[in-house]
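In my numbering, the protein residues as written are 85 to 750.
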Amino acid sequence: MEDESTKVEAVAAYEEIITTTKNSKVVIDEKTMSMVKSRMTEAYVHVHRMGISSAATTEKAITVLQERLQQLKSIHGSAHSECLSILSELISMRYKTKKTSEDEHTIIRMLQENTVEIITKEQRSQVLFEAANALSAIYITCGYHTHGLELVQAARRQIITGHVDAKHGFKFDKSIGRIAFVFLVTFELSLKGSSGHNYSEVMADWLTESVLFNNYSRCLTAQVKTEQLLLRSAHIRSFWAHRSRHEELDMLDQRVFEVFNKQFGNALKTRPEIIKIFLTSLLVHIGSGDAYEIQVARAASIAGNHKIEALVRSGKYQEAVEVAHCTFHFVMTQGGYQQAGLIGYGFKLAKYMTMKDNIAAETHTKMLQASREIMAEVLKACKTLEINFSQLHDHELNDLVELLGEQENYKELDIILESLWKSRSGQKNWSEDTLINLGERLVVSRHLASDKGHSHRAIHLAEDITYNLRRVLGGLHPHTVKMSNLLSQLYTGAKLYGDALNVHEEILQLIVSGDDGEDRTIDTVSAATARQQVDLLKAAYQRNGGWIKSADFYKKLVTDVTKMYSKTADFQNIQPVKDWQAKPDNTTASLGVFVKPQQWMFVVKDDVLPPKSGKHVHGSTSEEGFQRAPQPLKKGKQIGWSLRRVSDLWGMRQPSAGRLDAEITI
85 MEDESTKVEA
95 VAAYEEIITT
105 TKNSKVVIDE
115 KTMSMVKSRM
125 TEAYVHVHRM
135 GISSAATTEK
145 AITVLQERLQ
155 QLKSIHGSAH
165 SECLSILSEL
175 ISMRYKTKKT
185 SEDEHTIIRM
195 LQENTVEIIT
205 KEQRSQVLFE
215 AANALSAIYI
225 TCGYHTHGLE
235 LVQAARRQII
245 TGHVDAKHGF
255 KFDKSIGRIA
265 FVFLVTFELS
275 LKGSSGHNYS
285 EVMADWLTES
295 VLFNNYSRCL
305 TAQVKTEQLL
315 LRSAHIRSFW
325 AHRSRHEELD
335 MLDQRVFEVF
345 NKQFGNALKT
355 RPEIIKIFLT
365 SLLVHIGSGD
375 AYEIQVARAA
385 SIAGNHKIEA
395 LVRSGKYQEA
405 VEVAHCTFHF
415 VMTQGGYQQA
425 GLIGYGFKLA
435 KYMTMKDNIA
445 AETHTKMLQA
455 SREIMAEVLK
465 ACKTLEINFS
475 QLHDHELNDL
485 VELLGEQENY
495 KELDIILESL
505 WKSRSGQKNW
515 SEDTLINLGE
525 RLVVSRHLAS
535 DKGHSHRAIH
545 LAEDITYNLR
555 RVLGGLHPHT
565 VKMSNLLSQL
575 YTGAKLYGDA
585 LNVHEEILQL
595 IVSGDDGEDR
605 TIDTVSAATA
615 RQQVDLLKAA
625 YQRNGGWIKS
635 ADFYKKLVTD
645 VTKMYSKTAD
655 FQNIQPVKDW
665 QAKPDNTTAS
675 LGVFVKPQQW
685 MFVVKDDVLP
695 PKSGKHVHGS
705 TSEEGFQRAP
715 QPLKKGKQIG
725 WSLRRVSDLW
735 GMRQPSAGRL
745 DAEITI
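Structure follows, in structure tokens:
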């Protein structure tokens with residue numbers, strides 16, 4: 085107690101000395117006065133720590149400590165240990181006596197001012213290191229960790245990027261260099277405590293950001309190639325994204341967009357908002373790797389495809405269409421798809437635009453148009469690069485054919501299917517089903533690609549295939565019946581109703597009499613198939629306006645078929661031939677009429693290309709999946725169209741052979 089009493093008395097004595105000096109003419113030398121103020125400061129600190137200071141004494145102490153702090157700063161600088169000690173006591177006094185939010189703001193402002201002053205004026209690394217530890221202790225004692233870390237981030241942003249955050253109320257001179265990192269890194273680590281990071285790791289992080297940003301900022305002020313702008317922007321963007329630096333990301337995205345849009349905006353032919361979406365996805369993709377060189381068109385294709393897929397999955401179809409257009413036009417500014425490695429990506433881009441689940445008709449129409457536009461360039465590139473479609477993976481062929489079918493791009497589809505048909509003898513791993521499916525798709529595409537519905541070439545090919553299927557598989561095999569029905573539909577479309585009638589008549593005769601006696605061919609069909617042929621015969625008869633042969637012939641034929649299946653549900657209540665009217669009615673109007681297929685894929689799942697030398701010679705739908713084409717096959721001579729002729733050019737062996745893999749002139 086005696087010591088405490090002595091300190092209180094000492095404070096009173098020092099105050100008396102100061103007061104007397106101010107009010108008298110006695111002059112005390114500066115050294116003595118400095119000593120008095122120093123001792124007085126110590127006394128104030130002591131009584132404050134002991135908790136025996138009155139409010140009035142504390143106010144006097146704050147004034148004295150502030151004067152002492154300024155005096156020491158002028159002598160030693162803000163980072164001096166004695167200055168920081170005085171600052172600590174001063175903040176402690178203010179913190180313990182604060183009553184309002186304004187008092188707290190004053191404390192925070194004092195801490196910030198002293199922190200900024202040290203960063204600005206001190207250049208010695210060891211002093212900066214020690215000052216950072218001392219200051220962080222003050223922040224921690226007062227519970228101002230968050231304020232301290234916010235100050236660190238604001239200082240970091242300002243020193244590295246030059247961006248001044250107005251809410252923090254300070255601005256560094258441009259001359260401040262990386263030496264300030266010593267203080268800020270130490271300060272940050274001290275505030276975070278045991279964060280799991282050491283000084284070297286955090287300093288490396290700061291220096292990396294500084295280098296990346298400098299590289300990026302130089303790109304904005306100098307004329308550099310597009311890949312350099314994108315690459316350097318992507319690197320710093322990725323750095324910030326991994327650290328959730330959202331303010332920096334927003335600034336970068338806007339700045340890069342301005343440069344990018346100025347250079348490519350007109351060529352991309354879309355809204356600025358869409359360009360920004362595309363550009364951001366491009367930067368994210370580039371930033372996901374650590375490359376220092378990029379092929380811009382390839383990166384744009386990958387990024388665009390990923391973004392479009394995400395938009396489609398989330399139901400944002402209109403945005404997906406616009407991003408697809410943007411991606412396509414940007415790739416075209418970079419040389420288009422006529423360069424190694426881009427055709428597969430262009431194909432995928434076009435494919436995304438054919439999705440139709442839960443898509444409004446108007447939007448789907450726009451998507452198909454975009455898909456056609458993209459695919460036209462892709463196919464042009466395929467021709468330039470002499471891509472051999474027959475060397476693609478089976479799933480790639482299916483995807484390609486399906487895409488062109490979805491686009492209703494029948495002329496290109498016909499060309500590709502024809503090239504595959506001509507080269508089918510080289511597809512040793514294609515099954516019989518795949519070959520027949522290919523032939524059927526070629527017939528359909530040829531019909532749809534014909535001008536004004538004049539599909540004689542499609543009919544010609546369908547006749548060839550139907551005849552030869554009968555030779556090899558028999559007239560009642562499901563493949564043969566299906567192709568016969570297609571041939572009948574083509575006859576109907578060409579108003580050759582008599583020929584359509586003959587097709588179904590011959591099938592019904594085979595049902596009644598059996599096939600050609602070959603053990604390997606099918607002699608029976610299901611009741612449903614038989615009834616289908618009767619109904620198709622009726623539809624053809626009505627369209628033709630009468631029979632070709634005698635009415636009794638057809639009556640007997642249908643009666644015989646009906647007797648064969650009389651116990652089945654399909655043949656209950658069948659209308660007798662004598663009651664058929666020789667004009668179309670509502671029951672048969674849609675029967676036997678050609679309908680576009682719902683899907684175009686033709687390679688069956690079991691047909692898989694084997695690897696060569698233990699490795700796949702084709703990749704997925706990308707650049708690795710394409711090879712240069714051999715010399716084109718010579719086009720053979722056309723032949724006539726008659727269902728009953730023998731087609732030597734079909735190339736099928738005798739019925740015992742059973743493979744449909746030789747050449748035919750089409």
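For each residue, glycine too, the CB sits at the ideal point set by N, CA and C.
Which residue's Cα is closest to the Cα of residue i: the options?
i, options, result
"Gln-511", "Asp-619, Ser-259 and Asn-472", "Asn-472"
"Ala-424", "Thr-438, Ile-386, Ser-539 and Ala-465", "Ala-465"
"Ile-243", "Phe-265, Gly-253, Glu-234 and Tyr-223", "Phe-265"
"Gln-617", "Asp-636, Gly-419 and Glu-590", "Glu-590"
"Ala-215", "Leu-268, His-540 and Arg-525", "Leu-268"
"Asp-478", "Leu-488, Phe-678 and Leu-504", "Leu-504"
"Gln-150", "Leu-592, His-330, Glu-173 and Ala-460", "Glu-173"
"His-319", "Ala-306, Thr-305, Gln-307 and Val-340", "Val-340"
"Val-565", "Ser-610, Ser-597 and Lys-579", "Ser-610"
"His-561", "Thr-652, Leu-592, Gln-475 and Tyr-429", "Leu-592"
"Tyr-228", "Ile-359, Gln-196 and Arg-241", "Gln-196"
"Met-416", "Asp-636, Ile-378, Asp-289 and Phe-348", "Phe-348"
"Ala-584", "Ala-612, His-563, Ile-658 and Gly-629", "Gly-629"
What's the C-alpha gap between residue i and residue j?
i, j, result
"Gly-399", "His-448", "12 Å"
"Ser-259", "Lys-205", "11 Å"
"Ser-220", "Leu-273", "9 Å"
"Lys-647", "Gln-656", "11 Å"
"Thr-225", "Ile-175", "10 Å"
"Ile-263", "His-409", "48 Å"
"Ser-674", "Trp-631", "20 Å"
"Phe-412", "Met-439", "17 Å"
"Leu-762", "Asn-350", "In the structure displayed, the chain extends from 85 to 750; residue 762 sits before or after that span and is not available."
"His-247", "Glu-461", "44 Å"
"Ile-146", "His-326", "45 Å"
"Ile-543", "Ala-653", "34 Å"
"Glu-470", "Lys-640", "58 Å"
"Arg-241", "Ser-165", "28 Å"
"Ile-361", "Gln-154", "54 Å"
What residues in its chain sit with their C-beta under 7 Å from that of residue i, if we drop five residues either side in the sequence?
i, result
"Glu-188", "Lys-182"
"Met-685", "Asn-482, Val-485 and Glu-486"
"Thr-305", "none"
"Gln-28", "The structure shown does not extend to residue 28, since the chain spans only 85 to 750, so no value can be given for it."
"Leu-366", "Leu-314, Ala-383, Ala-384 and Ala-387"
Looking at the unbroken alpha helix (DSSP H) that takes in residue i, where does it start and where does it end?
i, result
"Val-295", "283-305"
"Gly-227", "Taken as a continuous stretch (DSSP letters only), Gly-227 belongs to no alpha helix (DSSP H), as it is neither H nor E."
"Pro-668", "Per DSSP, Pro-668 belongs to no alpha helix (DSSP H) and is neither H nor E."
"Glu-470", "That residue, Glu-470, is in no alpha helix (DSSP H); it is neither H nor E in DSSP."
"Trp-324", "310-326"
"Lys-495", "494-506"
"Pro-356", "356-371"
"Asn-521", "516-533"
Flag this pair as yes or no: are the beta carbons of residue i and residue j separated by less than 8 Å?
i, j, result
"Ala-381", "Leu-352", "no"
"Leu-574", "Ala-533", "no"
"Ile-202", "Ala-163", "yes"
"Gly-371", "Arg-321", "yes"
"Thr-270", "Leu-235", "no"
"Tyr-401", "Met-451", "yes"
"Ser-328", "Tyr-300", "no"
"Glu-311", "Trp-324", "no"
"Ser-455", "Gln-422", "no"
"Leu-553", "Met-567", "yes"
"Tyr-429", "Ile-386", "yes"
"Leu-594", "Val-527", "no"
"Val-596", "Asp-636", "no"
For residue i, collect the residues of the same chain with a Cβ closer than 6 Å to its Cβ; drop the 5 residues on either side in sequence, then sort them by chain order.
i, result
"Arg-302", "none"
"Gln-418", "Val-380 and Ala-381"
"Gly-523", "Ile-549"
Can you name, in chain order, every residue of its own chain whose Cβ lies under 8 Å from the Cβ of residue i, other than the five neighbours on each side?
i, result
"Pro-668", "Ala-623, Gln-626 and Arg-627"
"Gly-577", "His-531, Gly-537, Ser-539, Val-677 and Phe-678"
"Ile-500", "Phe-473, Leu-484, Val-485 and Leu-488"
"Arg-178", "Ile-146, Asp-187, Thr-190, Ile-191 and Met-194"
"Leu-233", "Glu-272, Leu-275 and Lys-276"
"Ile-378", "Glu-311, Leu-314, Leu-315 and Ile-370"
"Leu-395", "Tyr-401, Glu-403, Ala-404 and Val-407"
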